[in-house]
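K.L.:
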């Protein structure tokens, strides 16, 4: 009979090995699934720094499919959802927002959810996202192991920092504040939010422009070589504005990111030309716009446009997928070679497109009034960058990089396993009424993408034997890795001590023995941890067997000889360090 202590120990160990890992799946990152039109939607959350104790709150996102979302009490967080195309509604208190999601995209919502304190109770409100939210979303997304599975889709709402598996080594954190606070901040002539703001920026020289109501514009040039705190004083505005200036402006066709549609393209250009042709600030010229492509970003070829002597370009990009349309109408500054302002729209292709053109034109004029109020003022930017999908080859490279990060950043592994094994030959099997229970602990280290070395020990629990039966082994394994699973084939050398035991069938004593062998093992690993910035936790299965072994009789009874077979089947959990 198995003692109560051994029974409780074994049952408890199996409970830990089998049930514990499943608790890690509760908030796991979604995968694309089999539907090609499924999209990934991220909704940022923040807490109001002025609030005291807050409680996490659940909300419902209504759309083609309802989603439940927990607004956490972390300073900043983002929740990712796999969604079907359509409109999703956020109704929070007195705020409401509709998020239109196109098929097959990765998108950051245009609003964030803020958790704050109202009369001592936790409450929620909606706010527009800023560049800090967008950048944090990009960095957060790139940490998930399953992120490469989504990279065949276009990206919307990530601002100036595209999500990337390949880490930029010269990224620094800049905390930017102004006195007074609330000033608009323009990073390299692109609006990124209002102060105070924390951004992740590439090293090198950058231009910062600060603009506050009733204050003089202030420009600062900084050279980032590390993390920095930047504080700027904005003096009160003085003097009068200068006379208005006229800009030579080219207007031309939009660039199709996906499938082309000449009728829709002409509609964009004609509508914007109609609303701008009577504006005295523009000397409007209809022209063909040359385009060039840097990676997945498309923009006018400014080197060719500069030869025309023009100051500005009115054009943009559009992405058409069936009946869905994404439009980005931009105002480009030729000398600065950048987008200065723009307006973004998504919706259906149909009769409503004409109303949409009026809306786009109205919003575009509003932005133009903002960026060109008077001569001599710096142009500013409001734009939505749409990054194109990666090719299959690029996705494969990123998938390999993400897999490599797991074993390169966490090369060591510790695991515990429990199973059945230890049978050596017929005498061994007949000497016990129940199969031996094996409890194993192992350490492993990855030495390359293909090879892993490891060592460990096994303790055998055998009801009929009170003695200590243990085994030690070490060897190498050939690894085959994917984003979520690994499979290995290994060869080890083992040495096992078996104490003396009594065979009730023959009435004879056997052992004690010292056995050696060359077991072959096949292992399967499934990783529950979904982000690369956390120690990976995994579930594993292990099947080991050996047809080549020899036992030495330590008792002097001359019972040594070859071992016909040895085997082990075990399951366990482990963690990478």
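In the working numbering, the protein residues as written are 373 to 949.
Where a beta carbon is used, it is the ideal one built from N, C-alpha and C, also for glycine.
#1: Roughly how many angstroms lie between the CA atoms of residue 891 and residue 943, to the nearest whole one?
#2: Quick one: grab the DSSP three-state call for residue 686.
#3: Can you have a look at residue 427 and say buried or exposed, based on whether 16 or more other CB atoms are within 10 angstroms of its CB?
#4: Determine whether the beta carbon atoms of residue 487 and residue 419 lie at a separation below 9 Å.
#5: Can you check whether the CB of residue 858 is closer than 9 Å to the CB of residue 899?
#6: State the DSSP-derived secondary structure class of residue 789, mapped to helix, strand or coil.
#7: Can you give me the C-alpha to C-alpha distance between residue 895 and residue 946, rounded to a whole angstrom?
#8: From this set, 622, 630, 701, 730, which residue's C-alpha is nearest residue 681's C-alpha?
#9: Tell me whether residue 461 is buried or exposed, calling it buried when 16 or more other Cβ atoms sit within 10 Å of its Cβ.
#10: Using the three-state DSSP reduction, which class does residue 907 fall into: helix, strand or coil?
#11: Quick one: what does DSSP say residue 871 is sitting in, helix, strand or coil?
#12: Residue range of the alpha helix (DSSP H) that residue 636 falls in?
#13: Taking all protein chains shown into account, do 16 or more other C-beta atoms lie within 10 angstroms of the C-beta of residue 395, making it buried, or fewer, making it exposed?
#14: Locate the beta strand (DSSP E) running through residue 768, then write down its first and last residues.
#15: Give me the Cα-Cα distance between residue 652 and residue 618, rounded to the nearest whole angstrom.
#16: Identify, in the order they occur along the chain, each residue of the same chain with its Cβ nearer than 8 Å to the Cβ of residue 445, setting aside the five sequence neighbours on each side.
#17: In this structure, what does DSSP give as the bridge partners for residue 857?
#18: Who pairs with residue 834 in a beta bridge, going by DSSP?
#19: Starting from the C-beta of residue 649, find all residues in its chain whose C-beta is less than 8 Å away, skip the five residues before and the five after it, and write them out in chain order.
#20: Spatial neighbours of residue 883 within its chain, please: CB distance less than 8 Å, with the 5 preceding and 5 following residues excluded, ordered by chain position.
#21: Alpha carbons only, please: which of 632, 851, 833 is nearest the one belonging to residue 808?
#22: With contact counted as at least three CB pairs below 8 Å, one residue from each stretch, are the stretch 718-737 and the stretch 656-665 in contact?
#23: Exposed or buried, what is residue 747 when buried is set at 16 or more other beta-carbons lying within 10 Å of its beta-carbon?
#24: Tell me which residues share the same chain as residue 731 and place their Cβ nearer than 8 Å to its Cβ, disregarding the 5 neighbours each side in the sequence.
#25: Tell me which residues share the same chain as residue 934 and place their Cβ nearer than 6 Å to its Cβ, disregarding the 5 neighbours each side in the sequence.
#26: Per the contact definition of three or more C-beta pairs closer than 8 Å, is the stretch 576-584 in contact with the stretch 624-640?
#27: So, using beta-carbon positions, are residue 686 and residue 677 closer together than 9 Å?
#28: Compute the distance between the beta-carbons of residue 498 and residue 532, then report whether it is under 9 Å.
#29: Quick one: measure Cβ to Cβ for residue 701 and residue 688, integer angstroms, because I've assumed they're closer than 8 Å.
#30: Below 9 Å between beta carbons: does that hold for residue 566 and residue 508?
#31: Curious, which full-length beta strand (DSSP E) runs of at least 3 residues does the stretch 500-568 contain?
#32: By alpha-carbon positions, which one of 464, 643, 478 ends up nearest to residue 411?
#33: If you reduce the DSSP assignment to three classes, tell me which class residue 679 lands in.
#34: Provide the residue span of the beta strand (DSSP E) that contains residue 620, from first to last.
#35: Along the chain, where does the beta strand (DSSP E) that runs through residue 467 open and close?
#36: Counting pairs of Cβ atoms below 8 Å between the stretch 763-776 and the stretch 514-526, do you hit three or more?
P.N.:
According to the data block:
#1: For the purposes of this step, residue 891 is identified with residue 519 of the chain shown, where counting begins at 1. For the purposes of this step, residue 943 is identified with residue 571 of the chain shown, where counting begins at 1. Cα to Cα, residue 891 sits roughly 17 Å from residue 943.
#2: As a first step, residue 686 must be located in the chain shown, where it is residue number 314. If DSSP states are grouped into helix, strand and coil, residue 686 belongs with the strands.
#3: Counted from its first residue, the chain shown places residue 427 at position 55. Burial call: exposed.
#4: Position 115 of the chain shown holds residue 487. Position 47 of the chain shown holds residue 419. A contact, by the Cβ cut-off of 9 Å.
#5: Along the chain shown, read from residue 1 onward, the residue named residue 899 stands at position 527. Along the chain shown, read from residue 1 onward, the residue named residue 858 stands at position 486. Contact flag set, yes.
#6: Taking the chain shown and counting its residues from 1, the one referred to as residue 789 is at position 417. The answer is strand: DSSP assigns residue 789 an E or B state.
#7: For the purposes of this step, residue 895 is taken as residue 523 along the chain shown, with counting starting at 1. For the purposes of this step, residue 946 is taken as residue 574 along the chain shown, with counting starting at 1. If I take the Cα positions, the gap works out to 13 Å.
#8: Looking up residue 681 in the chain shown gives position 309. When only C-alpha atoms are compared, the closest one is 622.
#9: By 1-based counting over the chain shown, the position of residue 461 is 89. Exposed, because fewer than 16 other Cβ atoms sit within 10 Å of the Cβ of residue 461.
#10: Along the chain shown, read from residue 1 onward, the residue named residue 907 stands at position 535. Of the three classes helix, strand and coil, the one that applies to residue 907 here is coil, per DSSP.
#11: As a working mapping, residue 871 is identified with position 499 in the chain shown. Note: residue 871 maps to coil in three-state DSSP.
#12: Here residue 636 refers to the residue found at position 264 of the chain shown. Element bounds for residue 636: 634-648.
#13: For the purposes of this step, residue 395 is taken as the residue at position 23 of the chain shown. Because residue 395 carries a pLDDT of 47, less than 50, the predicted location of this residue cannot be relied on, and the following value inherits that uncertainty. Label assigned to residue 395: exposed.
#14: On the chain shown, residue 768 is found 396 positions in, with the first residue counted as 1. It is not in any beta strand (DSSP E) - residue 768 instead sits in the alpha helix (DSSP H) that spans 764-781.
#15: Walking along the chain shown from the start, residue 652 turns up at place 280. Walking along the chain shown from the start, residue 618 turns up at place 246. The alpha-carbon atoms of residue 652 and residue 618 are separated by roughly 7 Å.
#16: Locating residue 445 in the chain shown gives position 73, counting from the first residue. Excluding its 5 nearest sequence neighbours in each direction, residue 445 has C-beta neighbours in its own chain below 8 Å: 419, 426, 427, 428, 487, listed in chain order.
#17: For the purposes of this step, residue 857 is identified with residue 485 of the chain shown, where counting begins at 1. Per the DSSP secondary-structure output, residue 857 pairs in a beta bridge with 898.
#18: Taking the first residue of the chain shown as position 1, residue 834 is located at position 462. Partner(s): none; residue 834 has no beta bridge.
#19: Locating residue 649 in the chain shown gives position 277, where the first residue counts as 1. 656.
#20: Walking along the chain shown from the start, residue 883 turns up at place 511. Around residue 883, the same chain offers 870, 871, 872, 873, 925, 926, 927, 931 as residues with beta carbons nearer than 8 Å, after the five sequence neighbours per side are excluded.
#21: Taking the first residue of the chain shown as position 1, residue 808 is located at position 436. Ranking 632, 851, 833 by Cα distance to residue 808 puts 833 first.
#22: Fewer than three pairs of CB atoms, one per stretch, sit closer than 8 Å, so the stretch 718-737 makes no contact with the stretch 656-665.
#23: Here the question's residue 747 lines up with position 375 in the chain shown. Confidence is the limiting factor: at residue 747 the pLDDT is only 36, short of 50, which leaves the residue's position unreliable, though a coordinate-based value still follows. So residue 747 ends up on the exposed side.
#24: Taking the first residue of the chain shown as position 1, residue 731 is located at position 359. Excluding positions up to five away in sequence, the list reads 717.
#25: Here residue 934 corresponds to residue number 562 of the chain shown, with the count starting at 1. If the five residues before and after residue 934 are omitted, its C-beta is found closer than 6 Å to the C-beta atoms of 922, all from its own chain and listed in chain order.
#26: No, the stretch 624-640 does not touch the stretch 576-584.
#27: Taking the first residue of the chain shown as 1, we reach residue 686 at position 314. Taking the first residue of the chain shown as 1, we reach residue 677 at position 305. Judged by their CB atoms, residue 686 and residue 677 are not nearer to each other than the 9 Å cut-off.
#28: Within the chain shown, residue 498 is the residue found at index 126, counting from 1. Within the chain shown, residue 532 is the residue found at index 160, counting from 1. Inclusion of residue 498 and residue 532 in the CB contact set at 9 Å is not warranted, their separation being larger than that value.
#29: Looking up residue 701 in the chain shown gives position 329. Looking up residue 688 in the chain shown gives position 316. Correct: roughly 4 Å between the Cβ atoms.
#30: As a first step, residue 566 must be located in the chain shown, where it is residue number 194. As a first step, residue 508 must be located in the chain shown, where it is residue number 136. No, the Cβ-Cβ distance between residue 566 and residue 508 is not below 9 Å.
#31: Within the stretch 500-568, the complete beta strand (DSSP E) segments at least 3 residues long are 526-528, 543-551, 556-559, 562-566, listed from N- to C-terminus.
#32: If you number the chain shown from 1, residue 411 lands on position 39. For the options 464, 643, 478, the alpha carbon positioned closest to that of residue 411 is the one of 478.
#33: Numbered from its first residue, the chain shown carries residue 679 at position 307. Here residue 679 carries a helix assignment [DSSP, helix/strand/coil].
#34: Here residue 620 refers to the residue found at position 248 when the chain shown is read from its first residue. It spans 619-623 - the beta strand (DSSP E) in which residue 620 sits, taken as one unbroken run.
#35: Reading the chain shown from its first residue, position 95 is the one you call residue 467. Looking at the DSSP string, the run of the beta strand (DSSP E) that includes residue 467 is 467-473.
#36: As far as the Cβ criterion goes, the stretch 763-776 touches the stretch 514-526, which means the pair count is three or higher.
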